[in-house]
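To convert a position in the sequence shown, counted from 1, into the working numbering, add 13.
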Amino acid sequence: SLDDLDSLIAGDLNPTMAFMTGKIKVEGDMTVAMALSQLIG
14 SLDDLDSLIA
24 GDLNPTMAFM
34 TGKIKVEGDM
44 TVAMALSQLI
54 G
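This is the structure in structure tokens:
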């Protein structure tokens, strides 16, 4: 949701926890997703 995206960008929502709890879904290369996680988080 847009609220989750806002929380991710603001640093209030941990990207790894969001993925593990189903708040976000990842399709494709998980390596790229993990790299993006480091940029956001």
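Beta carbons: idealized from backbone N, C-alpha and C, even for Gly. If you're wondering where the values come from, they're calculated on a predicted model, not measured in any experiment.
Rounded to the nearest angstrom, the gap between the Cα atoms of L26 and D19 is 9 Å.
Under the three-state reduction of DSSP, L26 is assigned to coil, being neither helix nor strand. About 6 Å separates the beta carbons of D17 and I37, which is inside the 8 Å limit, making them a contact pair.
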